[in-house]
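A.B. asks:
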Amino acid sequence: MVQAAVPGAGSLGNQLRQEKMTPPAPPVSAPLVLPETEETRKALLPDSHTTLVVKKVVFTGVPVGVRGVDEPELQKQVAGDLNRPLTFAGLEAMAQKVTGLYRHNGLLVARAILPPQTVKDGVLTIQIIPGRYDEAQITNSSSLRTVVAQHLVRSTTPEGDVLTRRQLEREALLLSEIPGVTA
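The sequence shown lines up with residues 1 to 183 when you count with full-length UniProt numbering.
The structure is reproduced here in C-alpha cells:
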C-alpha cells in the first residue's frame, strides 16, 4: 500500500503566507473596438485633403513606470509635427511614432491611437493603450502539474499588469528552468 506524504505545518504556513502576499488583480478594462480595415477608417474621414495645425499634444492612458518613456520623451516624438499643417494621415503617422517608442521600450502590444475628438485651439489628444495581461491560458503536456504552472504564471504576471517584453522573457526563463518544461 502506498501513502502520500502529509505536508508539514511549516510548508502549509509558507503556502498560506505566499497566497496572502499576492495582491488582487486590478480589473481588466472592456475591449476596445477599432475600425477593422484601413478602408473603413478612410471611408469615415470627411476629406483626406483637410489639414489641421496641431500646437500641443495631450497624452492619455500613459502607463506609469515604463523605462525610456515619460512625458518629455513623448513630446519629443511629436515635436517635429507641431505647428505645421497635417492631414489625418499625418496625425496617424504622429501616433505611429509614439507606438514605435513604446514598442522599442519593451511594450510589445502597446498602441497609440487618435480617439474620437474635436480638436480645439490646436490641442490634439493621443490615447495610449499599453496592452495588459488577461487570464493566463496554459496548455500543459509536461510532467509539471498544471496548477503549479498556473500559480507561477499568475504570481509573476498578474492580470491587469502592463505586458512587457522583460516580463515575458522572465516568465519563459522561469518555466524553462523546471525539468521537463519547455517555454
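Beta carbons are placed, not taken as given, at the ideal position from N, Cα and C, and that holds for glycine.
Under a Cβ-count criterion, where at least 16 other Cβ atoms within 10 Å of its own Cβ denotes burial, should residue 172 be classed as buried or exposed?
C.D. replies: By 1-based counting over the sequence shown, the position of residue 172 is 172. Looking at its Cβ environment, which holds fewer than 16 other Cβ atoms inside 10 Å, residue 172 is exposed.
A.B. asks: Beta-carbon within less than 7 Å of residue 114's beta-carbon, same chain only, minus the 5 sequence neighbours each way: which residues are those?
C.D. replies: Taking the first residue of the sequence shown as 1, we reach residue 114 at position 114. Only 91, 92, 95 and 126 meet the Cβ criterion.
A.B. asks: On the DSSP letters alone, give me the boundaries of the alpha helix (DSSP H) that residue 77 sits inside.
C.D. replies: What you label residue 77 is simply residue 77 of the sequence shown in a count that begins at 1. Start and end: 71–78.
A.B. asks: Do you know how far the Cα of residue 77 is from the Cα of residue 225?
C.D. replies: Nothing can be reported for residue 225, as the shown portion of the chain is limited to 1 through 183.
A.B. asks: Please classify residue 168: does DSSP put it in a helix, a strand, or coil?
C.D. replies: As a first step, residue 168 is located in the sequence shown; it is residue number 168 there, counting from the start. Residue state, collapsed to three classes: helix.
A.B. asks: Which class does residue 162 belong to by DSSP, given the choice of helix, strand or coil?
C.D. replies: As a working note, residue 162 is residue 162 in the sequence shown. DSSP, reduced to helix, strand and coil, places residue 162 within a strand of the structure shown.
A.B. asks: Check residue 97 in the structure and name its three-state DSSP category.
C.D. replies: Looking up residue 97 in the sequence shown gives position 97. Helix.
A.B. asks: Alpha carbon to alpha carbon, how far is residue 149 from residue 133?
C.D. replies: Position 149 of the sequence shown holds residue 149. Position 133 of the sequence shown holds residue 133. Between residue 149 and residue 133, the C-alpha separation is close to 16 Å.
A.B. asks: Which of the three DSSP states, helix, strand or coil, is assigned to residue 86?
C.D. replies: For this step, residue 86 is matched to residue 86 along the sequence shown. It is a strand residue.
A.B. asks: What distance in whole Å lies between the Cβ atoms of residue 54 and residue 81, which are believed to be in contact at a cut-off of 8 Å?
C.D. replies: Walking along the sequence shown from the start, residue 81 turns up at place 81. Walking along the sequence shown from the start, residue 54 turns up at place 54. The pair is a contact, with the Cβ atoms about 7 Å apart (cut-off 8 Å).
A.B. asks: Need the endpoints of the beta strand (DSSP E) that residue 127 sits in, please.
C.D. replies: Counting from 1 along the sequence shown, the entry for residue 127 is found at position 127. Unbroken beta strand (DSSP E) run through residue 127: 123–129.
A.B. asks: Measuring alpha carbon to alpha carbon, tell me which of 146, 123 and 122 ends up nearest residue 175.
C.D. replies: The residue labelled residue 175 in the question sits at position 175 within the sequence shown. Checked all of 146, 123 and 122; the closest Cα to residue 175 is 146.
A.B. asks: Can the beta-carbon of residue 101 be found less than 8 Å from the beta-carbon of residue 71?
C.D. replies: Start at 1 with the first residue of the sequence shown, and residue 101 comes out as number 101. Start at 1 with the first residue of the sequence shown, and residue 71 comes out as number 71. Against a cut-off of 8 Å, the Cβ pair of residue 71 and residue 101 comes out as no contact.
A.B. asks: May I have the straight-line CA-CA distance separating residue 137 from residue 159, to the nearest angstrom?
C.D. replies: In the sequence shown, residue 137 corresponds to position 137, counting from 1. In the sequence shown, residue 159 corresponds to position 159, counting from 1. Each residue's Cα considered, the two are about 12 Å apart.
A.B. asks: List the whole-angstrom C-beta distance separating residue 108 from residue 131, where the pair is believed to meet the contact cut-off of C-beta under 8 Å.
C.D. replies: Taking the sequence shown and counting its residues from 1, the one referred to as residue 108 is at position 108. Taking the sequence shown and counting its residues from 1, the one referred to as residue 131 is at position 131. That belief holds up - the Cβ atoms of residue 108 and residue 131 are roughly 7 Å apart, short of 8 Å.
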